[in-house]
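Chemist: Protein sequences appear in the order of chains B and F.
If you count the first sequence from 1, position 135 lands on 135 in my numbering, and the numbers rise without skipping.
Quick note: to get my numbering, add 191 to the position in the second sequence (first position is 1).
Heads up, the beta-carbon is just placed ideally off N, CA and C, and yes, glycines get one too.
Computed from a predicted model, the values in this text were never measured in an experiment.
2 protein chains.
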Amino acid sequence: MSARRTELTREAARLFAERGYHGTSIGDLAKALGVQKGSLYAHIESKQDLLYEAVREGAEAFHAGLDAVRDDLPAGERIRLALRAHLRVVAEQLDVATVFVREWRYLEGDRAAEFLAERRRYEERFRALFRDGRERGDLRTDLDDQAAVLLVLSAANWAYTWLPADADTDELADRFYAILADGIRGYATPR
Amino acid sequence: MSARRTELTREAARLFAERGYHGTSIGDLAKALGVQKGSLYAHIESKQDLLYEAVREGAEAFHAGLDAVRDDLPAGERIRLALRAHLRVVAEQLDVATVFVREWRYLEGDRAAEFLAERRRYEERFRALFRDGRERGDLRTDLDDQAAVLLVLSAANWAYTWLPADADTDELADRFYAILADGIRGYATPR
DNA sequence: CTCCTAAACGAACGATCGTTAGGGTCTAAG
DNA sequence: CTTAGACCCTAACGATCGTTCGTTTAGGAG
Numbered sequence: 001m002s003a004r005r006t007e008l009t010r011e012a013a014r015l016f017a018e019r020g021y022h023g024t025s026i027g028d029l030a031k032a033l034g035v036q037k038g039s040l041y042a043h044i045e046s047k048q049d050l051l052y053e054a055v056r057e058g059a060e061a062f063h064a065g066l067d068a069v070r071d072d073l074p075a076g077e078r079i080r081l082a083l084r085a086h087l088r089v090v091a092e093q094l095d096v097a098t099v100f101v102r103e104w105r106y107l108e109g110d111r112a113a114e115f116l117a118e119r120r121r122y123e124e125r126f127r128a129l130f131r132d133g134r135e136r137g138d139l140r141t142d143l144d145d146q147a148a149v150l151l152v153l154s155a156a157n158w159a160y161t162w163l164p165a166d167a168d169t170d171e172l173a174d175r176f177y178a179i180l181a182d183g184i185r186g187y188a189t190p191r
Numbered sequence: 192m193s194a195r196r197t198e199l200t201r202e203a204a205r206l207f208a209e210r211g212y213h214g215t216s217i218g219d220l221a222k223a224l225g226v227q228k229g230s231l232y233a234h235i236e237s238k239q240d241l242l243y244e245a246v247r248e249g250a251e252a253f254h255a256g257l258d259a260v261r262d263d264l265p266a267g268e269r270i271r272l273a274l275r276a277h278l279r280v281v282a283e284q285l286d287v288a289t290v291f292v293r294e295w296r297y298l299e300g301d302r303a304a305e306f307l308a309e310r311r312r313y314e315e316r317f318r319a320l321f322r323d324g325r326e327r328g329d330l331r332t333d334l335d336d337q338a339a340v341l342l343v344l345s346a347a348n349w350a351y352t353w354l355p356a357d358a359d360t361d362e363l364a365d366r367f368y369a370i371l372a373d374g375i376r377g378y379a380t381p382r
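Right, here's the structure in full:
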C-alpha cells in the first residue's frame, strides 16, 4: 500500500472518529488532505473501503496487544497485562480504536459479519483468562467470570471516550486492576 | 406535547439508536410512521429537535434513577442501588439511553454544551457515592475512588451495547457489585 | 351546515452526497 | 527521448438530503 494511501486511511480514521462515518463526507476528507474529492478515487474504490480498513487496523492492533501477554503467568497478572495492552492500543491509536469500537456498525454486507467474528474472538480470548484463572485457583473459585469479563471489557471498550492520548496507560490499567483484584469494600486481607 | 408528537420522538429515538443520527434520514423516519416526509414539519422545526429531545429524555431518566436511591444507606448499598437504577433505565428505555450515550455528540451549538453539563452532573453524583463511602469508612480508606468510579461508570455506559431489553437488570447489577465489592482474587474474607 | 383545528399530502427548493470520466502534470526508470 | 505510473484536476452524473409551502382531508364543536 502506497504512502499516500496510508495517509488517506489515517486521515479517514481521524475524521470518522471525530464526526462519525456518516457525518464525514468524501468532500471533508478531500479538504483535509488538500485535494479535490474526485481525486480520492484514484486510491480507493469506495468510502466503505476506508471504514473497513480502519476497523481492520483496530482489530489487528487489539489482537497484537493480547498476543504479547505472556501465558506462563498467574491469571491475575495476565489480566492486568491484557488490560494494559488494551488501554495502550486505545491511547496510541485512538482514532483507529474509536472506529473499531464505535463506527464498525456502518460496515455493510459481509464485512459487518467479519467484524463481529473478530470481536467475538477477542472477547473469547479475554474470557479465557478469567475462566482459566478460576479453574486453576488463581482467582476465587466462586468467581462469576461471565460478569467479571463483562465488567472489564466494558471499561476497556468505553476508554476511547475519556482516555487522553498522552495518558500513562500502564499505571491506569494497574489502578483498575487493583480495584478489580481486591474490591472496594476493604475486608480483604492486605496482599 | 401531542400524542402524535410523542410518537414521533419515540420512533426517532428508535431509528437514531439503530442507524445513528446521520444514518437516519427524515425520509426514513416518515416512512416508519407511514407518512410523507414533509408532513413531519407540522410537528418539529428541525431534525435536531428530535435528537435533542431524545437526549433530554435520557438525561431525565438517568437522573430520576439516581433520585430514587435512598441516602440513608451505607455507601456500598447505595452504589449497588445506583447501578441497579442505571441498568434498569438502559433496559427499559434502550433507545433513549443509546441516543443519550452515543448520539449526543451530534447535538449542535448550545445543546451540546447543555448535554455535557448534564452528564458531568450525573457523573458527579456517582463520584460522590464513592468519595463519601471512603471518607466515612464504608469503603476501604485507601480506595482509589477516581479509578473506581471510572470503572463502574464505564461498565454502565457500555451496557447499551449488550443489554437485552428483557434482562433481569437488578440481578445483573448485583452480580457486578459483588465482584466490585470483594474483588476477583479471592483473598477476601467471606462476607 | 359551518367553522376550526390537527394532520397529512405532494411537489418543489437548493444543497450536498458518493461516484465516474477524461485529461493533465510530474518523476524516475528504460 | 520515451514510457510508465503515481497523483491530481475539473466537470458532471443521478441520487438523496433537510426543509418549505400551499393545498387537502377528516372529525368534532358550535
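Rounded to whole angstroms, what is the Cα-Cα separation between F/ARG327 and F/HIS234?
Modeler: Going by the C-alpha atoms only, they are around 51 Å apart.
Chemist: Leaving aside the five residues before and after F/ALA252 along the sequence, list all residues of the same chain whose C-beta is less than 6 Å from its C-beta, in chain order.
Modeler: Excluding positions up to five away in sequence, the list reads VAL280 and GLN284.
Chemist: Against F/ASP335, what residues of chain B qualify as contacts under a CB-to-CB distance less than 8 Å, listed in chain order?
Modeler: Those are ARG175, ALA178 and ILE179, listed as they occur along chain B.
Chemist: Using the C-alpha atoms, what's the distance from F/SER345 back to F/THR352?
Modeler: Rounded to whole angstroms, F/THR352 to F/SER345 spans 12 Å at the Cα level.
Chemist: Alpha helix (DSSP H) containing F/ARG296: first to last residue?
Modeler: Where F/ARG296 is concerned, there is no enclosing alpha helix (DSSP H), given that its DSSP letter is neither H nor E.
Chemist: So with Cβ pairs under 7 Å, would you call B/ASP182 a contact of chain F?
Modeler: True, the Cβ-Cβ gap to chain F drops below 7 Å.
Chemist: Would you decide whether B/LYS47 is buried or exposed? Buried here means 16 or more other CB atoms lie within 10 Å of its CB.
Modeler: Buried is the call here.
Chemist: Check F/GLU236 in the structure and name its three-state DSSP category.
Modeler: Reduced to three states, the DSSP call for F/GLU236 is coil.
Chemist: Would you please verify whether the beta carbon of F/LEU272 is less than 7 Å from any beta carbon of chain B?
Modeler: No, because no Cβ of chain B sits closer than 7 Å to the Cβ of F/LEU272.
Chemist: Once DSSP output is grouped into helix, strand and coil, what is the label at F/TYR243?
Modeler: Three-state DSSP puts F/TYR243 in a helix.
Chemist: Less than 6 Å between C-beta atoms, sequence neighbours within five positions excluded: which residues of the same chain meet that for F/LEU354?
Modeler: Here the set comprises VAL281 and ALA282.
Chemist: Which of the three DSSP states, helix, strand or coil, is assigned to F/TYR368?
Modeler: In this structure, F/TYR368 counts as helix in the three-state DSSP scheme.
Chemist: With burial defined as no fewer than 16 other Cβ atoms inside 10 Å of the residue's Cβ, what is the status of F/TYR232: buried or exposed?
Modeler: Counting Cβ neighbours within 10 Å, F/TYR232 comes out exposed, since fewer than 16 surround it.
Chemist: Which residue from B/TYR106, B/LEU129, B/LEU116 and B/ARG119 puts its Cα closest to that of F/GLY214?
Modeler: F/GLY214 has its Cα closest to that of B/TYR106, out of B/TYR106, B/LEU129, B/LEU116 and B/ARG119.
Chemist: Residue ranges of each alpha helix (DSSP H) run of no fewer than 4 residues wholly in the segment 195-280 of chain F, ordered along the chain?
Modeler: Here the runs fully enclosed are 217-224 and 238-258.
Chemist: B/TYR122 lies in the alpha helix (DSSP H); which residues open and close that run?
Modeler: Taken as a continuous stretch (DSSP letters only), the alpha helix (DSSP H) holding B/TYR122 covers 110-136.
Chemist: With 7 Å as the threshold, decide whether the Cβ of F/HIS213 is near any Cβ in chain B.
Modeler: True, the Cβ-Cβ gap to chain B drops below 7 Å.
Chemist: Taking the alpha carbon of F/LEU242 as the point to measure from, which residue in F/ARG325, F/PHE367 and F/ARG293 has its own alpha carbon closest?
Modeler: Selected option, being the one with the closest Cα: F/ARG293.
Chemist: I want to see whether chain F comes within less than 7 Å of B/ALA13, judged by CB atoms only; does it?
Modeler: So no, B/ALA13 is outside the interface.
Chemist: Measure the beta-carbon distance from F/ALA245 to F/PHE207 and round it to whole angstroms, keeping in mind my assumption that it falls under 8 Å.
Modeler: Yes, they are in contact, since the Cβ atoms of F/ALA245 and F/PHE207 sit about 6 Å apart, within 8 Å.
Chemist: Check this for me: beta carbons of B/LEU172 and B/LEU87, under 7 Å apart or not?
Modeler: Yes, the pair counts as a contact, with Cβ atoms nearer than the cut-off.
Chemist: Quick check on F/LEU330 - is its C-beta less than 7 Å from some C-beta in chain B?
Modeler: Output row for F/LEU330: interface = yes.
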